[in-house]
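Engineer: Line order of the protein sequences matches chains S and R.
Take the first sequence: its position 117, counting from 1, is numbered 135 in our numbering, and each next residue is one higher.
Take the second sequence: its position 283, counting from 1, is numbered 301 in our numbering, and each next residue is one higher.
First, the structure itself, so that you have it in front of you.
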Amino acid sequence: MGHHNTEVDLNERFEFPAKLKNIAFGLMGVGLLAFLAGVFISHDSTRTLAVMLQNGLFFMLITLISTFFIAIHYMANGGYMVALKRIPEAISQTMPIIALFVFGLIAYIILGKRNDIFIWLNIPAIKNAEARELLEGKTGYLNVPFFIVRIIAYLTVWSFGVMQYRKFSLQEDAAPAGSMKNHINSRLFSGFFLVFFAVTISTSSWDWLMSIDAKWYSTMYGWYCFVSALVSGISLMMLVIQYLRNQGHLKAVTDEHVHDLGKFMFAFSILWTYLWFSQYMLIWYSNNPEETVYFRQRYDHYKVLFYLNLLMNFVTPIFVLMKNTSKRNSRVLVFIASVIIIGHWVDYYQMIMPGTVGNNWHIGMQEIGLPIFFVGLIIWRTFSQLEKAPLIPKNHPYLQESLHHHV
Amino acid sequence: MSFKESALREPLVEGNKSYKDVTNDITNSIFGTPTKGWFVAFGLSVALLLYGVFCVTYFVYYGIGTWGSNKTIGWAWDITNFVWWIGIGHAGTLISAILLLFRQKWRTGVNRAAEAMTIFAVMCAGVFPVLHMGRVWMGFFILPYPNTRGPLWPNFVSPLLWDVFAISTYFSVSLMFWYTGLIPDIATIRDRAKKIWQQKFYGALSFGWTGSAKHWQRHESLSLVLAGLSTPLVLSVHTIVSFDFATSVIPGWHTTIFPPYFVAGAVFSGFAMVQTLMLMTRKLLRLEEYITLSHIDSMNRIITLTGSIVGCAYLTELFTAWYSGALYEQYAFMNRALGPYWWSYWGMMLCNVVSPQLFWSKKLRTSIFWTFFLSIVVNIGMWFERFVIIVTSLHRDYLPSSWNMFSPTWVDIGFYLGTFGLFFTLYLLFAKYFPVIAVAEIKHVLKTTGNTPAREAELKAIMDKAAAVDAA
């Protein structure tokens with residue numbers, strides 16, 4: 019089964035085609051214009067900040083997942099993914115750029131005491147005495163200095179990880195064949211990075227997402243947000259791989275590798291659903307008003323998105339990806355990867371909006387414009403990084419396993 | 019050119035084995051007389067089992083008032099033990115289904131014994147809720163069938179009923195999976211058997227397996243279907259066990275992270291038990307070349323991973339209890355950590371969160387002594403976890419006048435010891451009369467993962483080159 023890789027060129031390089039570059043700049047330009055037009059028309063700074071927060075966080079996390087993917091494969095000694103390793107490496111390089119955007123945005127929100135985004139920023143302004151008292155009890159965690167220390171820690175260490183893996187990988191290319199130094203260093207670094215990541219991926223979602231609905235809490239929340247980003251991040255890798263393969267590049271990545279990533283998309287979609295269901299069902303079953311309020315608001319006022327979320331992130335992937343052949347079919351995979359990414363974008367939207375813009379939500383120019391800008395940014399950054407190094411990490415010790423990956 | 023495993027990976031079968039060696043090494047113990055050690059262990063297990071049977075008979079006769087449970091703590095010892103055993107039963111299915119999907123070849127060395135252990139552990143677990151019913155002869159009332167009891171049906175919205183379905187499904191699928199895998203190996207034993215009773219016994223069990231291509235083809239499709247069915251079961255069983263608690267409104271029980279955290283904890287304790295058993299089995303049956311340090315290393319990594327997931331969940335719970343601002347939630351956790359049962363909470367933290375972190379050290383991860391020691395520590399810790407969740411959440415309820423403490427009676431303890439008797443009796447019988455390692459599956463991976471002088475030379479060449487290059 020599978021084709022043999024006799025034709026694989028270990029020194030294959032990718033050149034960023036002018037056409038694609040234009041598309042990337044075009045998307046960024048159009049997106050930015052649409053966003054600015056939307057901002058200008060709506061005159062609603064709460065909505066604009068919420069949209070920026072949603073898109074900044076979503077696109078930052080899904081590009082960060084690429085680094086998580088690399089780290090976990092080093093940790094687990096994964097061999098099959100070596101041939102496609104340069105793709106997550108390139109995608110992840112966008113993350114530090116978006117991190118700057120997120121940092122600026124959140125600093126603006128925090129220092130501007132925008133309690134329309136994070137209600138806990140201005141507790142005395144809350145009219146309801148009980149709510150005020152409740153939030154005062156949380157100031158040990160939800161306070162400005164500690165919040166800023168945390169965001170700096172998360173973004174710095176994550177960005178450092180993103181760049182460090184890339185550095186090791188490029189050094190490995192430059193090192194003489196047979197060198198193990200960079201491989202061993204990557205593995206050691208993974209231990210540190212993954213422990214930090216495991217803790218902060220939860221705490222950061224409490225900070226940036228759960229604290230929007232500051233009175234509400236759910237222990238599942240962090241893992242839920244993580245898996246949402248995880249499945250979208252892998253789908254993003256899939257899209258880039260499909261583009262490269264359709265352009266005739268990346269011969270080393272066969273249907274077998276693609277099939278494996280497809281299985282991840284399938285499995286993690288189900289995992290996401292499992293977490294969604296567990297969180298929803300337990301809250302519904304216990305019927306405790308402090309908790310049900312979260313879903314009540316979403317079900318009453320965001321009903322379309324409530325169902326769309328499940329339709330795009332559960333029903334569609336499970337039915338389409340269940341068949342073996344669909345996990346090896348380029349068109350189906352491109353379609354389903356797009357559905358998953360848009361679906362989880364919707365998921366992040368319905369996490370953020372009810373607590374900020376409230377029940378009166380719209381999808382307008384800014385909601386559509388900003389993601390288009392970020393898509394353009396990711397295309398530009400990913401492919402210009404891809405151009406900088408050969409497509410195959412030719413000195414990786416497990417390369418031969420990946421080149422002969424059969425199932 | 020076919021797939022070639024990197025020589026950097028540690029081989030999974032040591033000693034440059036041929037196919038014939040594999041069969042001989044694994045099946046020989048079946049034909050011999052058991053060792054003295056086996057008889058001693060078996061005798062002890064049966065004695066424990068009989069003592070358990072005595073205790074069960076005693077409390078079925080006198081009623082479960084003989085247990086230590088009381089009006090405030092209506093669930094204690096029995097449910098703690100139930101959840102503990104069920105959790106242990108997770109490793110087998112994880113190894114056979116999930117690790118299969120992740121193509122972890124090392125699973126072939128341990129899957130057979132782990133699956134057997136799963137089945138025995140689920141049996142031990144099932145005993146507790148069934149006997150908690152008191153009048154066990156009415157046990158079939160939990161099955162939803164058209165009945166003569168009028169409109170009296172089991173309560174379909176109760177997670178306890180979901181447990182009945184989840185666990186019985188899990189048990190049947192695990193049993194089928196384990197048995198299907200055994201059939202080719204049983205046929206091998208049948209073909210080598212000299213004694214008539216052995217030929218008859220293994221002949222009947224092998225379902226007329228001839229090893230024809232058609233048989234293998236059907237065997238493989240069935241294995242695939244069962245693996246597909248088992249995969250969701252790994253998650254579903256402990257998820258539903260967690261629902262028993264999390265659907266309630268008891269502070270300390272009602273928390274949304276319970277489902278994935280229970281599953282991680284179950285896998286954690288399951289692997290610890292697999293380690294305990296495998297370390298003994300490989301020594302007693304001289305299978306050190308098949309259950310290698312590399313297998314032990316891999317399982318220890320899973321223990322560290324799942325232990326850390328559980329640790330994250332503990333801290334999330336603790337944090338959220340404070341963050342929630344809910345008074346009773348905060349009290350429940352303060353009471354866990356500083357109340358009269360503080361020792362069980364800190365015991366749990368120490369055994370489940372701190373101790374597996376020692377396995378970051380490769381030296382400890384590949385040390386037989388430390389692995390054995392920590393596998394026991396983890397199992398004690400996971401017992402504490404269930405005790406903490408169940409007893410400390412119940413013993414101080416909303417009405418301080420009904421606050422109470424729990425201590426087990428001799429009947430409780432005897433019942434629990436009895437399940438150890440049952441578990442080890444079954445495991446020892448299995449280890450004596452069936453191949454503890456999947457012979458056919460080991461042969462399947464032998465060519466790519468077995469150690470040979472050529473492989474050793476290749477590894478040495480890679481390491482020498484790396485050393486030379488990196489020194490420069």
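Even for Gly, the Cβ is constructed at its ideal location relative to N, Cα and C.
Since this is a predicted model, take the numbers as computed values, not measurements.
Are the beta-carbon atoms of Leu67/R and Thr443/R separated by less than 8 Å?
Structural biologist: Cβ distance < 8 Å, so Leu67/R and Thr443/R count as in contact.
Engineer: So, under 8 Å CB-CB, Phe377/R and Ile321/R are touching, yes? Tell me the CB distance rounded to an integer number of Å.
Structural biologist: Phe377/R to Ile321/R, Cβ: 6 Å. Contact.
Engineer: In chain order, what residues of the same chain have a beta carbon less than 6 Å from the beta carbon of Lys412/S, not counting five sequence neighbours either side?
Structural biologist: Around Lys412/S: Leu28.
Engineer: 8 Å is my cut-off, CB to CB: does Glu419/S come that close to chain R?
Structural biologist: So yes, Glu419/S belongs to the interface.
Engineer: With a cut-off of 8 Å on the beta carbons, I'd call Val245/S and Phe178/S a contact; round off their distance for me.
Structural biologist: Val245/S to Phe178/S, Cβ: 24 Å. No contact.
Engineer: List in chain order: all unbroken alpha helix (DSSP H) runs of 4+ residues lying wholly within the stretch 117-194 of chain R.
Structural biologist: Listed in chain order, they are 125-150.
Engineer: Sort out for me which residues DSSP pairs Gly468/R with in a bridge.
Structural biologist: According to DSSP, which records beta bridges pairwise, Gly468/R is partnered with Val31/R.
Engineer: Would you say Tyr317/S lies against chain R (beta-carbon separation less than 8 Å)?
Structural biologist: No - not a single Cβ of chain R is within 8 Å of the one on Tyr317/S.
Engineer: So, do the stretch 332-342 of chain R and the stretch 234-241 of chain S have three or more beta carbon pairs nearer to each other than 8 Å?
Structural biologist: Verdict: yes, contact present.
Engineer: Compute the Euclidean distance between the alpha carbons of Met19/S and Ala270/S, then round it to the nearest angstrom.
Structural biologist: With a pLDDT of only 40 at Met19/S, under the threshold of 50, the placement of this residue in the model should not be trusted, and no figure is reported.
Engineer: Say whether chain R places a C-beta atom closer than 8 Å to the C-beta of Ile252/S.
Structural biologist: By this cut-off, Ile252/S is not an interface position.
Engineer: Helix, strand or coil for Glu405/S, going by three-state DSSP, please let me know.
Structural biologist: In the structure shown, Glu405/S sits in coil (DSSP, three-state: anything other than H, G, I, E or B).
Engineer: Using a Cβ-Cβ cutoff of less than 6 Å, which residues in the same chain neighbour Ala109/R once the five nearest sequence positions on both sides are dropped?
Structural biologist: Hits under 6 Å: Ala132, Gly288, Phe289, Val292.
Engineer: As an exercise, report each continuous beta strand (DSSP E) stretch of at least 3 residues that is fully enclosed by the stretch 20-102 of chain R, in chain order.
Structural biologist: Those beta strand (DSSP E) runs which fall completely within the stretch 20-102 of chain R and span 3+ residues do not exist here.
Engineer: Could you pull out every residue in the same chain whose Cβ sits closer than 7 Å to the Cβ of Lys123/R, ignoring the five residues on either side in sequence?
Structural biologist: Correct list, in chain order: Leu30, Val463, Thr467.
Engineer: Please decide whether Ile144/S counts as near chain R, where near means a Cβ-Cβ distance under 8 Å.
Structural biologist: So no, Ile144/S is outside the interface.
Engineer: For Pro278/R, which residues in chain S fall below 8 Å Cβ to Cβ?
Structural biologist: Correct list: Met238, Trp241, Tyr292, Leu293, Ser296.
Engineer: Is it true that the CB of Val457/R sits closer than 8 Å to the CB of Thr41/R?
Structural biologist: Result yes, Cβ atoms of Thr41/R and Val457/R sit closer than 8 Å.
Engineer: Please name the residue, chosen from Lys89/R, Asn422/R, Phe405/R, Ile407/R, that lies closest to His413/R on a Cα-to-Cα basis.
Structural biologist: With distances taken between Cα atoms, His413/R lies closest to Asn422/R.
Engineer: Short of 8 Å Cβ to Cβ, which residues in the stretch 37-67 of chain S face chain R?
Structural biologist: Within the stretch 37-67 of chain S, no residue has a Cβ that lies closer than 8 Å to any Cβ of chain R.
Engineer: What three-state label does DSSP hand Trp271/R in the structure shown?
Structural biologist: Coil, per DSSP.
Engineer: Check whether chain S comes within 8 Å of Ile492/R, counting only Cβ atoms and requiring the distance to be less than that.
Structural biologist: Lying before the first or after the last residue shown, residue 492/R is absent from chain R, which here runs from 19 to 490.
Engineer: Taking 8 Å as the cut-off, does the stretch 260-274 of chain R touch the stretch 173-184 of chain R (at least 3 CB pairs, one atom from each stretch)?
Structural biologist: Touching, yes, given that three or more Cβ pairs across the two stretches are closer than 8 Å.
Engineer: Classify Phe5/S as buried or exposed, calling it buried when 16 or more other Cβ atoms lie within 10 Å of its own Cβ.
Structural biologist: Given a span of 19 to 425 for chain S in the structure shown, any question on residue 5/S remains unanswerable.
Engineer: Name the chain R residues whose beta carbon is nearer than 7 Å to that of Pro194/S?
Structural biologist: In chain order: Val487.
Engineer: Using beta-carbon positions only, say whether Leu262/S and Leu268/S come within less than 8 Å of one another.
Structural biologist: Result yes, Cβ atoms of Leu262/S and Leu268/S sit closer than 8 Å.
Engineer: Going by the CB atoms, is the gap between Thr272/S and His423/S shorter than 8 Å?
Structural biologist: The answer is yes: Cβ separation under 8 Å.
Engineer: Just checking: is the beta-carbon of Thr126/R within a distance shorter than 8 Å of some beta-carbon in chain S?
Structural biologist: No - not a single Cβ of chain S is within 8 Å of the one on Thr126/R.
Engineer: DSSP on His61/S, reduced to helix/strand/coil?
Structural biologist: Reduced to three states, the DSSP call for His61/S is coil.
Engineer: Taking only the alpha-carbon atoms, compute the straight-line gap between His21/S and His275/S and give it to the nearest angstrom.
Structural biologist: Only weak support is given to the placement of His21/S: the predicted model assigns it a pLDDT of 48, under 50, and the question is left unresolved by the model.
Engineer: With DSSP as the reference, label Gly439/R as helix, strand or coil.
Structural biologist: Here Gly439/R sits in helix by DSSP.
Engineer: Taking Ser24/R as the query, report the chain S residues whose CB atoms sit under 7 Å from its CB, ordered along the chain.
Structural biologist: Result: Gly97, Pro415, Tyr416, Gln418, Glu419.
Engineer: Could you say if the stretch 403-417 of chain R and the stretch 356-367 of chain R meet the contact criterion of at least three C-beta pairs nearer than 8 Å?
Structural biologist: The stretch 403-417 of chain R vs the stretch 356-367 of chain R: in contact.
Engineer: Whole angstroms are fine: how far does the CA of Arg130/R sit from the CA of Phe121/S?
Structural biologist: Taking the straight line joining both Cα atoms gives about 52 Å.
Engineer: Taking buried to mean at least 16 other C-beta atoms within 10 Å of its own C-beta, is Met46/S buried or exposed?
Structural biologist: Buried.
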